[in-house]
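Undergrad:
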Amino acid sequence: MDQDSQTPRITLEEFNRLLEESAPFQKIYGFVTEEIGFGRSRARMPASKDHVRPGGTVSGPSQMALADFAVYAAVLGAIGNVPLAVTTSLSINFLNKPLPGDIWADCRLIKLGKRLAVGEVFLTSGGQEAPISHVTATYSIPPRD
1 MDQDSQTPRI TLEEFNRLLE ESAPFQKIYG FVTEEIGFGR SRARMPASKD
51 HVRPGGTVSG PSQMALADFA VYAAVLGAIG NVPLAVTTSL SINFLNKPLP
101 GDIWADCRLI KLGKRLAVGE VFLTSGGQEA PISHVTATYS IPPRD
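In UniProt numbering, the protein residues as written are 1 to 145.
1. When we look at the beta-carbon of F25 and count the other beta-carbons within 10 Å, is it buried (16 or more) or exposed?
2. Since I believe A65 is in contact with A117 (beta carbons under 8 Å), could you give me their beta-carbon distance rounded to a whole number of angstroms?
3. Using 10 angstroms around the beta-carbon of S133, count the other beta-carbons present and answer buried if the total reaches 16, otherwise exposed.
4. I28 and L12 look like a contact to me (Cβ under 8 Å); what is the Cβ gap, rounded to whole Å?
5. Among the residues of its own chain, which have a CB less than 7 Å from the CB of E34, if the five just before and after it don't count?
6. Which of helix, strand or coil does DSSP assign to K27?
7. With distances taken between CB atoms, is the gap from A70 to I92 smaller than 8 Å?
8. Taking only runs that begin and end inside the segment 19-107, name each unbroken alpha helix (DSSP H) of 4 or more residues, in chain order.
9. Inspect the beta-carbon positions of D106 and F122 and report whether they are closer than 8 Å.
10. Can you round the beta-carbon distance between V75 and L109 to whole angstroms, since I take them to be within the 8 Å contact cut?
11. Straight-line CA distance for S62 to I141?
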């Protein structure tokens with residue numbers, strides 16, 4: 001899928017408006033959508049003690065939520081304002097301990113069909129190159145009327 005040459009089906013502003021109107025839970029995490037493109041996104045989870053688990057590292061559930069959020073943004077970037085697209089599976093591999101600071105999620109769709117989309121996400125932290133986690137997630141796309 002050539003994501004760089006296609007126009008996103010939802011703008012960053014439209015995506016943020018959709019979140020405000022229909023996803024109030026997003027405020028709990030404080031995620032920031034930095035970029036949205038056709039089948040790709042970049043999101044950030046600002047550093048917060050609320051995401052830290054015993055041992056001083058960012059919790060797995062917070063990392064999973066950020067990755068899921070990034071896939072949602074990438075899916076809507078490819079299909080437009082379809083708020084009922086939902087996660088059907090998510091798999092995460094924790095690779096490295098996060099450094100202190102913001103966590104970044106870079107997502108790209110690796111498969112986009114009529115009813116399913118599969119995304120891949122790399123999470124990084126503290127400016128380190130090596131990913132802290134690798135995620136794959138599948139989204140169900142509702143039928144179009």
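All C-beta atoms, glycine included, are put in the ideal place defined by N, C-alpha and C. Just so we're clear, the structure is a prediction, and the values are computed from it rather than from any experiment.
TA: Concretely, from the data shown:
1. exposed
2. 18 Å between Cβ atoms; not a contact.
3. buried
4. Contact doesn't hold; Cβ gap of about 21 Å is too wide.
5. R42, A43, R44
6. helix
7. no
8. 26-29, 60-79
9. yes
10. 7 Å
11. 24 Å
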